[in-house]
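Data first, discussion second: the structure below is written as structure tokens.
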Amino acid sequence: MNLAGFLASARDFLPILLQGVWITVALTLCALVIATLLGLIWALMRTSGLRWLEWPALAIVNTLRGIPIIVQLFYIYFVLPEFGVDLSAFQAGVIGLGVAYSAYMGEVFRSGMLAVDPGAVEAADSLGLSRFRVMTRVILPQATRIVLPPYGNMLIMMLKDSSQASVITVAEISTQSRLIASSTFKNQEVFTLAALLYLALSVPLIVLVGRLEKRFGRG
Amino acid sequence: MIEIDGLQKSYGPLRVLDGISLRVPEGQVVCVIGPSGSGKSTLLRCVNGLEPYQGGSVRVDGQVVNREHRAAIRAVRQRVCMVFQRFNLFSHRTALQNVTEGPIYALGEPRAAAEARGRELLAQVGLAGREGSYPRQLSGGQQQRVAIARALAMRPRAVLFDEPTSALDPELVGEVLTVMRDLARGGMTMMVVTHEIGFARSVGDHVVFMDRGKVVEEGPPGEILTAPREPRTQDFLHRVLHPLD
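This is the structure:
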């Protein structure tokens, strides 16, 4: 593969691959919303102190963690229609990825909630701050600082794991590159481009997370 | 100023405070000493409404401290501030922000005024120039002095100290006790739970010895710390002052 040949291939294939990039980004962001909302619910249930909430949440989280994402996707896309739930490949991908990651997000949020300094909360109480102020001035800022870096890492992993949705025909980067490669036999060029596109998306996030860790690491 | 009458508190079957009565008059420094587990920290936390109690009463400026009434308890807390054993600073805020948090968000003072006063208070506790430091960049003694400034920023009628030097390295104890002594000389009403017998002797107006949830003995420091009447007080003081005997 010479550089001129690679650039020519890039010119030919990039328009199709860029369509895949948009699908990858949309899939990841939609799944992130679901994973965040469900993850918050699992975390709140698990820290509620109520056994009838903690147990179901623990069961759900462990079940989701114990099944590979690819099998969860198969289930949603191929099995749910038998029960009358017909989803497009993209919808199934969003739900599958989002639900699977909600288990990990839940753990991230839970550790953040547990890591808020109870002494600081007590100090805020002892200054006569209202409950709302204690929440907005102490608990949320501290939890956010703890949670943001691992949350960013989850986003990076989701971005890469969105490629698993190719098994249920979602037309994201990996699906598109596999289709192009199988019809043109230019495996090297196509998959190099695919890797570069993933890097273009993930490296800025990796740098961002690194900065967050540095900034919030100072406590 | 602070009036405690027949205070009762239990954790399940365990009675931690068993009919405590105590007065902290305005402008006086009352030191509470006693073995760990005697209930002295719990007593202090009841005064500021951080702990519920089951019987008796705590009054501050005539107002009953009752955790059921959220607004009333907030009013009490804004007048009686607490300094904790482990400082309990807001780790995500600078020294100055720690000090201005209460005035701005509990008392509604304008930010500029709160910051100007915050700087004065930090200077008063010997921390001029450290306004922008985060707690983890400060030594334990410095952190505790920020915590004292944070309490003073509320313009409290009294300050409660919960073993303020127990978590400090020995060489840092002096700087915190000096700030507290100066505060006492300035006429601040203080209730101090402490193991620093020397501080109680030289700064305290009144010393209370507690054991197993009860006041065993109280009186002027010269009396209680030099010639205690009760065997339990004698025994405790002996163990604190001569640990190797």
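Chains as they are written, first to last, in the working numbering: chain V, 359 to 577; chain H, 1404 to 1648. All C-beta atoms in this analysis are idealised placements derived from N, C-alpha and C, irrespective of residue type, glycine included.
Taking Cβ-Cβ distances shorter than 8 Å, what residues in chain H pair up with residue 478 (chain V)? Within 8 Å Cβ-Cβ: 1491, 1492, 1493 and 1494.
For my contact list, residue 1580 (chain H) and residue 1599 (chain H) are in at a C-beta cut-off of 8 Å; report their separation, rounded to the angstrom. With a beta-carbon spacing of about 6 Å, residue 1580 (chain H) and residue 1599 (chain H) fall inside the 8 Å limit used to define contacts.
Alpha-carbon to alpha-carbon, residue 461 (chain V) and residue 399 (chain V): Each residue's alpha carbon lies about 10 Å from the other.
Residue 406 (chain V) to residue 415 (chain V), Cα distance in whole Å? A direct Cα-to-Cα measurement between residue 406 (chain V) and residue 415 (chain V) gives close to 10 Å.
For residue 433 (chain V), count neighbouring Cβ atoms within 10 angstroms of its own Cβ and tell me buried if that reaches 16, exposed if not. With a threshold of 16 other beta carbon atoms within 10 Å, residue 433 (chain V) falls short and is exposed.
Supposed close pair residue 530 (chain V), residue 382 (chain V) - CB separation, criterion 8 Å: Yes, they are in contact, since the Cβ atoms of residue 530 (chain V) and residue 382 (chain V) sit about 4 Å apart, within 8 Å.
Starting from the N-terminal side, write out each stretch of the beta strand (DSSP E) that is 3 residues or longer and does not extend beyond the region 399–461 of chain V. Segments of the beta strand (DSSP E) lying fully in the region 399–461 of chain V: there are none.
Per DSSP, what are the beta-bridge partners of residue 1592 (chain H) in this structure? Beta-bridge pairing by DSSP links residue 1592 (chain H) to H:1561.
Uninterrupted beta strand (DSSP E) stretches inside the region 1480–1534 of chain H (no shorter than 3 residues): Within the region 1480–1534 of chain H, the complete beta strand (DSSP E) runs of at least 3 residues are 1483–1486.
To the nearest angstrom, how far is the alpha carbon of residue 576 (chain V) from that of residue 495 (chain V)? For residue 576 (chain V), the predicted structure reports a pLDDT of 49, less than 50, and the residue's modelled location is therefore unreliable. A value from the coordinates is still provided. Each residue's alpha carbon lies about 18 Å from the other.
Secondary structure at residue 1418 (chain H), three-state DSSP: helix, strand or coil? Residue 1418 (chain H) falls in the strand class under three-state DSSP.
Nonlocal neighbours in the same chain, by C-beta distance under 8 Å from residue 558 (chain V), ignoring five residues either side: So the list is empty, once near-sequence residues are dropped.
Relative to chain V, which residues along the region 1448–1467 of chain H have a C-beta separation below 7 Å, given in chain order? Those residues of the region 1448–1467 of chain H that come within reach of chain V (Cβ to Cβ, closer than 7 Å) are 1451 and 1453.
Between the C-alpha atoms of residue 1424 (chain H) and residue 457 (chain V), what's the straight-line distance to the nearest angstrom? Going by C-alpha positions, residue 1424 (chain H) is about 58 Å away from residue 457 (chain V).
For residue 1560 (chain H), decide whether its Cβ has a neighbour in chain V, counting only Cβ atoms nearer than 8 Å. No, residue 1560 (chain H) lies away from the interface with chain V (no Cβ there is under 8 Å from its Cβ).
Quick check for students: name the residue ranges of the alpha helix (DSSP H) that lie wholly in the region 1536–1586 of chain H, counting only runs of 4 or more. Within the region 1536–1586 of chain H, the alpha helix (DSSP H) runs of at least 4 residues that lie entirely inside it are, in chain order, 1543–1555.
Residue closest to residue 1619 (chain H), alpha-carbon to alpha-carbon, out of H:1607, H:1625 and H:1634: Of H:1607, H:1625 and H:1634, the residue nearest in Cα terms is H:1634.
Say whether chain V places a C-beta atom closer than 8 Å to the C-beta of residue 1505 (chain H). Taking 8 Å as the threshold, the shortest C-beta distance from residue 1505 (chain H) to chain V falls below it.
With a 10 Å radius around its C-beta and 16 neighbouring C-beta atoms as the bar for buried, classify residue 436 (chain V) as buried or exposed. With fewer than 16 other CB atoms across the displayed protein chains lying within 10 angstroms of its CB, residue 436 (chain V) is exposed.
Leaving aside the five residues before and after residue 394 (chain V) along the sequence, list all residues of the same chain whose C-beta is less than 7 Å from its C-beta, in chain order. Excluding residues within five positions, the ones whose Cβ falls inside 7 Å are 463.
Roughly how many whole angstroms lie between the Cα atoms of residue 467 (chain V) and residue 1586 (chain H)? For residue 467 (chain V) and residue 1586 (chain H), the distance between alpha carbons rounds to 43 Å.
Reference residue 515 (chain V), options V:390, V:378 and V:413, closest by Cα: Ranking the options by Cα distance to residue 515 (chain V), first place goes to V:390.
Starting from residue 1436 (chain H), trace the beta strand (DSSP E) both ways and give me its first and last residue. Note, residue 1436 (chain H): beta strand (DSSP E), 1432–1436.
Over what stretch of residues does the beta strand (DSSP E) that includes residue 1621 (chain H) continue unbroken? It spans 1617–1622 - the beta strand (DSSP E) in which residue 1621 (chain H) sits, taken as one unbroken run.
CA-to-CA distance, residue 392 (chain V) to residue 1592 (chain H), given in whole angstroms: Taken atom to atom, the span from the alpha-carbon of residue 1592 (chain H) to that of residue 392 (chain V) is near 54 Å.
Note down the Cα distance separating residue 1412 (chain H) from residue 1458 (chain H), rounded to an integer number of angstroms. Their Cα atoms are separated by approximately 7 Å.
Determine, using beta carbons only, whether residue 366 (chain V) and residue 471 (chain V) come nearer to each other than 8 Å. No, Cβ-Cβ distance for residue 366 (chain V) and residue 471 (chain V) is not below 8 Å.
CB contact flag (residue 641 (chain V), residue 545 (chain V), <8 Å): The first residue shown for chain V is 359 and the last is 577, placing residue 641 (chain V) beyond what the model contains.
Reducing DSSP to helix, strand and coil, say where residue 534 (chain V) ends up. DSSP places residue 534 (chain V) in helix when its eight states are reduced to three.
Beta-carbon of residue 1632 (chain H) versus every beta-carbon of chain V: anything under 8 Å? It does not: the Cβ of residue 1632 (chain H) has no partner Cβ on chain V nearer than 8 Å.
Contact set between residue 496 (chain V) and chain H, taken where Cβ atoms lie within less than 7 Å: Listed by position along chain H, the residues whose Cβ is nearer than 7 Å to that of residue 496 (chain V) are 1493.
Determine, using beta carbons only, whether residue 1645 (chain H) comes closer than 8 Å to chain V. Closer than 8 Å: no.
Residue-chain proximity (residue 486 (chain V), chain H), Cβ-Cβ < 8 Å: So yes, residue 486 (chain V) belongs to the interface.
What did DSSP end up calling residue 500 (chain V) once you bin it into helix, strand or coil? DSSP places residue 500 (chain V) in helix when its eight states are reduced to three.
Pop quiz: residue 1555 (chain H) and residue 1524 (chain H) are said to be a contact at Cβ under 8 Å. What is the actual Cβ separation, rounded to whole angstroms? The beta-carbon separation of residue 1555 (chain H) and residue 1524 (chain H), rounded to 5 Å, stays under the 8 Å limit for a contact.
Any beta-carbon of chain V closer than 8 Å to the one on residue 1564 (chain H)? Not a single CB atom of chain V sits nearer than 8 Å to the CB of residue 1564 (chain H).
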